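A.B. asks: Chains as they are written, first to last, in numbering that gives the first Met the number 0: chain A, 0 to 92; chain B, 0 to 92.
Okay, here's the structure, questions in a sec.
There are 2 protein chains.
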Amino acid sequence: MKELDPILHSQLRLAVMSILMNVDEADFVYLKEQTESTAGNLSVQLDKLSAAGYITVTKGFVGKKTRTACQVTEQGRKAFEEYVNALKSYLNL
Amino acid sequence: MKELDPILHSQLRLAVMSILMNVDEADFVYLKEQTESTAGNLSVQLDKLSAAGYITVTKGFVGKKTRTACQVTEQGRKAFEEYVNALKSYLNL
DNA sequence: ATAAAGCGGTTTATAATATAAACCAAATTT
DNA sequence: AAATTTGGTTTATATTATAAACCGCTTTAT
């Protein structure tokens with residue numbers, strides 16, 4: 000049985016990646032809304048994805064307000080696809 | 000975003016369920032081989048699946064040796080299918 | 001017959017993970 | 001200018017996964 004990448008095998012991290020796979024970039028507030036997570040949890044999980052090299056996190060400003068934008072990296076994209084493949088063998092899809 | 004049933008969202012428990020979905024029944028030793036898990040871990044995870052009502056665990060004998068057989072329940076089957084559906088929304092399958 | 005090794009597990013301790021609660025600085029509203 | 005909101009981070013706690021230690025029984029070797 001294939002291993003399931005533990006970085007992706009987490010509900011919130013998977014949800015974030017799932018969004019980022021379809022959307023070019025998304026900011027903290029948007030991800031929080033879509034995933035219905037708490038800010039703290041999201042912050043931690045974004046760090047992990049970032050530390051794994053699966054996403055980049057860019058802090059900037061919109062007017063006077065901070066804005067944290069996230070994008071999936073090529074490495075993240077690949078990892079996501081491999082995760083999907085591994086899962087398929089469990090789910091018989 | 001749909002919730003992912005935490006009982007199934009665990010590599011080893013998912014692997015076990017995946018096997019049981021295709022096989023009518025499987026015993027402890029077989030599951031241990033197929034999943035390449037340690038006996039302790041498998042024992043704990045079978046208990047959780049059983050406590051959740053997703054599998055039944057039947058202890059018997061083959062000759063003088065004990066044999067622990069597992070089968071997926073109707074409830075387990077349903078939960079597995081719902082889990083697959085929920086996951087699909089994350090993976091865009 | 002007895003000690004040692006193996007089989008089929010369970011229980012318990014530990015490490016890792018996920019999650020929420022508490023907190024913080026800057027901006028906005030009252 | 002005090003209170004509230006926004007956009008987060010840090011830290012503490014609960015949950016989970018995992019492995020290590022153990023247990024009773026059986027088989028094998030001495």
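For glycine and all other residues, C-beta sits at the position ideal for the given N, C-alpha and C.
Owing to the predicted nature of the structure, the values given are computational and were not obtained by experimental measurement.
Spell out whether any CB of chain A is found under 8 Å from the CB atom of B:Y29.
C.D. replies: No, its Cβ sits nowhere closer than 8 Å to a Cβ of chain A.
A.B. asks: Report the three-state DSSP secondary structure of A:V22 (helix, strand or coil).
C.D. replies: A:V22: coil per DSSP, three-state reduction.
A.B. asks: Helix or strand or just coil, what does DSSP make of B:K58?
C.D. replies: Of the three classes helix, strand and coil, the one that applies to B:K58 here is strand, per DSSP.
A.B. asks: A:S17 touches chain B at which residues, Cβ-Cβ below 9 Å?
C.D. replies: The answer, in chain order, is M0, S88, Y89, L90 and N91.
A.B. asks: How about the region 26 to 34 of chain B and the region 72 to 90 of chain A: do they share at least three Cβ pairs that are nearer than 8 Å?
C.D. replies: With a cut-off of 8 Å, the region 72 to 90 of chain A and the region 26 to 34 of chain B do not count as touching, because too few Cβ pairs lie within range.
A.B. asks: With contact counted as at least three CB pairs below 8 Å, one residue from each stretch, are the region 38 to 50 of chain A and the region 8 to 15 of chain A in contact?
C.D. replies: They touch, by the three-pair rule.
A.B. asks: Here's the rule I'm using: 16 or more other beta-carbon atoms within 10 Å means buried, otherwise exposed. How should A:V71 be labelled?
C.D. replies: Buried.
A.B. asks: Closer than 8 Å by beta-carbon distance: list the chain A residues that pair up with B:E35, in chain order.
C.D. replies: Simply M0.
A.B. asks: Is A:T67 helix, strand or coil when you go by DSSP?
C.D. replies: DSSP places A:T67 in strand when its eight states are reduced to three.
A.B. asks: With a Cβ-Cβ cutoff of 8 Å, do A:Y53 and A:G75 count as a contact?
C.D. replies: Contact flag set, yes.
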